[in-house]
DNA sequence: ATAGGAATGTTGATTTTTGTTGAATTGCAG
DNA sequence: CTGCAATTCAACAAAAATCAACATTCCTAT
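Protein chains in written order, with my numbering: chain A, 1 to 251; chain B, 252 to 502.
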């Protein structure tokens with residue numbers, strides 16, 4: 001551990017981005033030394049290097065959520081458009097967390113007099129701004145990567161509301177196992193929402209039909225006959241069995 | 252990843268729409284560079300491009316709220332900058348609702364490991380996305396024009412948290428009556444936050460020193476000696492008495 | 001004191017980024 | 001639809017940053 005590492009890390013993390021030149025001025029060494037000292041840090045992932053400057057990996061951290069929002073963006077926008085066709089002005093809907101839900105919330109800004117319950121702060125704040133909507137945020141403490149809550153109080157809120165629709169998502173769709181997610185708490189919220197909703201709308205983009213790097217293992221609650229499956233392309237034939245009783249929608 | 256990306260994103264997200272020329276002035280580079288730097292960002296969907304300007308993809312979602320956010324925008328941005336100087340990485344802070352709070356939340360994205368409690372869904376979702384933050388949303392049912400909550404449960408959450416700072420705002424500052432707002436529920440939330448906070452930070456832009464069309468009549472709780480008053484200009488002399496014990500900050 | 005080793009500064013070739021120019025495109029008013 | 005002004009784009013020249021190799025300095029163990 002070089003003697004400058006601590007100070008360098010500290011400076012960069014504090015300011016977010018700082019140029020190599022400025023760093024050399026601050027630490028009182030040549031720019032070449034800054035490059036040399038920072039190289040192991042960059043390799044180790046403690047810092048990011050760009051031409052002319054070093055940027056804190058922490059500061060670039062606005063990206064994880066945005067990055068996910070931008071994965072398969074077109075697909076998600078298309079799906080959101082289909083979902084919105086199902087929802088009418090004045091309807092009530094429960095919305096789970098997930099990047100697709102974010103897009104649906106965006107699209108739902110064109111609907112009026114909605115009653116919404118969600119455990120995603122992003123969805124809540126997006127829809128609460130629309131005059132005439134009645135939005136309830138379920139839960140208190142927010143998970144940091146997506147701003148969603150899985151508190152006990154979230155269940156209390158969800159269980160109090162009787163809604164027309166529930167929007168659900170999944171991380172992977174498996175022809176035999178069904179709709180899968182990574183965390184049990186997500187399943188629990190989905191179950192609670194489903195129990196108090198008329199019809200479910202399962203929204204998954206086509207990438208969810210293909211194997212994932214990080215394999216989810218937890219099964220979302222089973223959908224009722226007549227529930228919607230909204231996706232951006234016709235699903236492969238292997239899934240025909242799984243989707244037998246569902247109403248499938250795609251653009 | 253270019254060295255300007257962070258600053259560019261931040262500027263655009265903060266202001267909603269900003270012209271290429273202004274951006275080049277702000278970052279101190281040519282307009283051509285702005286176009287070059289922004290291209291990958293718009294490809295990635297992090298920004299939207301229109302003729303002559305860049306617009307934040309987020310801003311589209313927050314449009315109604317943003318309309319209010321754009322009143323006295325420079326003043327509020329300046330105030331947010333000052334407030335952020337007070338807050339350190341790792342601090343805990345309670346944040347009330349209001350457009351200035353929205354800007355402070357944006358600016359606080361540069362701080363790490365914050366513990367935040369707020370009754371504004373916008374503030375909550377802005378800060379919850381930052382990895383390492385611990386954000387609690389106080390309240391359930393959201394008021395439609397600003398997405399804030401004044402539920403009983405909001406008080407429960409606020410009263411449970413002991414924080415270093417509380418950020419408060421006001422609709423009008425009267426030399427004799429003090430800091431005024433329109434609704435009793437806002438005072439109640441402010442009182443609850445204040446009771447559990449170390450130092451208060453009252454943030455008001457200069458327009459709040461002048462008479463308003465809609466006159467607020469409810470007085471915010473009294474500040475303690477040593478609490479901060481952050482504003483964008485030196486306040487008129489008539490207010491010297493009111494601010495006697497406060498630490499006044501402005502750019 | 002001094003030789004060995006590590007860290008730092010310097011130099012010059014190479015690569016990347018930036019500003020400028022002029023032509024092509026776009027948006028808008030008449 | 002036409003013309004004007006503003007914006008954008010492509011290409012080239014200039015500037016800045018990077019890298020590798022070598023020279024210098026600093027520290028320490030003998």
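Ideal Cβ placement from N, Cα and C applies to all residues, glycine included.
Backbone secondary structure at residue i - three-state DSSP
{"i": "residue 63 of chain A", "result": "Only weak support exists for where residue 63 of chain A lies, its pLDDT of 46 falling under 50; the value from the coordinates is given anyway. Helix, per DSSP."}
{"i": "residue 466 of chain B", "result": "coil"}
{"i": "residue 253 of chain A", "result": "Since the displayed chain A opens at 1 and closes at 251, residue 253 of chain A lies outside it and no answer follows."}
{"i": "residue 201 of chain A", "result": "strand"}
{"i": "residue 30 of chain A", "result": "coil"}
{"i": "residue 190 of chain A", "result": "helix"}
{"i": "residue 41 of chain A", "result": "helix"}
{"i": "residue 268 of chain B", "result": "strand"}
{"i": "residue 219 of chain B", "result": "The question about residue 219 of chain B has no answer, for chain B in this structure spans 252 to 502."}
{"i": "residue 107 of chain A", "result": "helix"}
{"i": "residue 353 of chain B", "result": "helix"}
{"i": "residue 403 of chain B", "result": "helix"}
{"i": "residue 161 of chain A", "result": "coil"}
{"i": "residue 338 of chain B", "result": "coil"}
{"i": "residue 364 of chain B", "result": "coil"}
{"i": "residue 420 of chain B", "result": "coil"}
{"i": "residue 427 of chain B", "result": "coil"}
{"i": "residue 471 of chain B", "result": "coil"}
{"i": "residue 479 of chain B", "result": "strand"}
{"i": "residue 11 of chain A", "result": "helix"}
is_contact[residue i, chain A] using C-beta, thresh 7 angstroms
{"i": "residue 373 of chain B", "result": "yes"}
{"i": "residue 315 of chain B", "result": "With a pLDDT of 49 at residue 315 of chain B, under the threshold of 50, the predicted position of this residue should be treated as unreliable, though the coordinate-derived value follows. Yes - at least one Cβ of chain A is within 7 angstroms of the one on residue 315 of chain B."}
{"i": "residue 379 of chain B", "result": "yes"}
{"i": "residue 472 of chain B", "result": "no"}
{"i": "residue 254 of chain B", "result": "yes"}
{"i": "residue 376 of chain B", "result": "yes"}
{"i": "residue 391 of chain B", "result": "yes"}
{"i": "residue 268 of chain B", "result": "no"}
{"i": "residue 482 of chain B", "result": "no"}
Chain B within 7 angstroms of residue i, Cβ atoms only
{"i": "residue 144 of chain A", "result": "yes"}
{"i": "residue 161 of chain A", "result": "no"}
{"i": "residue 21 of chain A", "result": "no"}
{"i": "residue 61 of chain A", "result": "The pLDDT assigned to residue 61 of chain A is 42, lower than 50, so where the model puts this residue is not dependable; a value taken from the coordinates is nonetheless given after this. So yes, residue 61 of chain A belongs to the interface."}
{"i": "residue 136 of chain A", "result": "yes"}
{"i": "residue 10 of chain A", "result": "no"}
{"i": "residue 53 of chain A", "result": "yes"}
{"i": "residue 90 of chain A", "result": "no"}
{"i": "residue 147 of chain A", "result": "yes"}
{"i": "residue 157 of chain A", "result": "yes"}
{"i": "residue 57 of chain A", "result": "no"}
{"i": "residue 133 of chain A", "result": "yes"}
{"i": "residue 50 of chain A", "result": "yes"}
7 angstroms Cβ cutoff met for residue i and residue j
{"i": "residue 500 of chain B", "j": "residue 273 of chain B", "result": "no"}
{"i": "residue 297 of chain B", "j": "residue 147 of chain A", "result": "no"}
{"i": "residue 74 of chain A", "j": "residue 90 of chain A", "result": "no"}
{"i": "residue 139 of chain A", "j": "residue 156 of chain A", "result": "no"}
{"i": "residue 95 of chain A", "j": "residue 77 of chain A", "result": "no"}
{"i": "residue 282 of chain B", "j": "residue 275 of chain B", "result": "yes"}
{"i": "residue 191 of chain A", "j": "residue 221 of chain A", "result": "yes"}
{"i": "residue 180 of chain A", "j": "residue 219 of chain A", "result": "yes"}
{"i": "residue 351 of chain B", "j": "residue 448 of chain B", "result": "no"}
Selection from the options that minimises the alpha carbon distance to residue i
{"i": "residue 487 of chain B", "options": "B:460, B:421 and B:451", "result": "B:460"}
{"i": "residue 19 of chain A", "options": "B:350, B:257, B:477 and B:264", "result": "B:257"}
{"i": "residue 145 of chain A", "options": "B:255, B:394, B:385 and B:390", "result": "B:385"}
{"i": "residue 119 of chain A", "options": "B:366, B:388 and B:382", "result": "B:388"}
{"i": "residue 141 of chain A", "options": "B:454, B:420 and B:372", "result": "B:372"}
{"i": "residue 284 of chain B", "options": "B:483, B:268, B:453 and B:259", "result": "B:259"}
{"i": "residue 264 of chain B", "options": "B:293, B:463 and B:454", "result": "B:293"}
{"i": "residue 246 of chain A", "options": "A:197, A:40 and A:229", "result": "A:229"}
{"i": "residue 115 of chain A", "options": "A:166, A:241 and A:31", "result": "A:166"}
{"i": "residue 200 of chain A", "options": "A:77, A:170, A:174 and A:183", "result": "A:170"}
{"i": "residue 172 of chain A", "options": "A:188, A:206, A:160 and A:143", "result": "A:206"}
{"i": "residue 54 of chain A", "options": "A:78, A:153 and A:10", "result": "A:10"}
{"i": "residue 269 of chain A", "options": "A:186, A:227 and A:93", "result": "Because residue 269 of chain A is not part of the residues shown, which for chain A are 1 to 251, the question remains open."}
{"i": "residue 184 of chain A", "options": "A:217, A:211 and A:153", "result": "A:217"}
{"i": "residue 26 of chain A", "options": "A:40, A:4, A:36 and A:44", "result": "A:4"}
{"i": "residue 239 of chain A", "options": "A:28, A:174, A:194 and A:195", "result": "A:174"}
{"i": "residue 176 of chain A", "options": "A:243, A:104 and A:84", "result": "A:243"}
Short of 9 angstroms Cβ to Cβ, which residues in the segment 276-296 of chain B face chain A? 295 and 296
Which residues, in order along the segment 343-374 of chain B, keep a beta-carbon less than 7 angstroms from a beta-carbon of chain A? 360, 361, 363, 372 and 373
What residues in the segment 447-458 of chain B bring their beta carbon closer than 8 angstroms to a beta carbon of chain A? none
In the segment 172-185 of chain A, which residues sit with their C-beta less than 9 angstroms from some C-beta in chain B, listed in chain order? none
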